[in-house]
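J.: In our numbering, the protein residues as written are 1 to 54. Ideal Cβ placement from N, Cα and C applies to all residues, glycine included. What you are looking at is a predicted structure, and each value in this text was computed from that prediction instead of being measured.
#1: Please list, in chain order, all residues of the same chain as residue 41 whose beta carbon is under 8 Å from its beta carbon, the five residues on each side excluded.
#2: Could you spell out where the alpha helix (DSSP H) holding residue 30 opens and where it closes?
#3: Would you identify the three-state DSSP class for residue 15, choosing helix, strand or coil?
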């Protein structure tokens, strides 16, 4: 999943809207998305460990 995040980040910087904003803004946005993914992954992992999975 981390590989996918990095790949999409690089693609966005090179080709997308992220190419038109300053690099620091892009990096902050990428870190915010990464933080959200880590929180989501942790919550889902805890839920599955408690037996709440499908």
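T.: Well, looking at it:
#1: Here the question's residue 41 lines up with position 41 in the chain shown. Answer for residue 41: 1, listed in chain order.
#2: Taking the first residue of the chain shown as 1, we reach residue 30 at position 30. Per DSSP, residue 30 belongs to the alpha helix (DSSP H) from 23 to 49.
#3: Here residue 15 corresponds to residue number 15 of the chain shown, with the count starting at 1. In this structure, residue 15 counts as helix in the three-state DSSP scheme.
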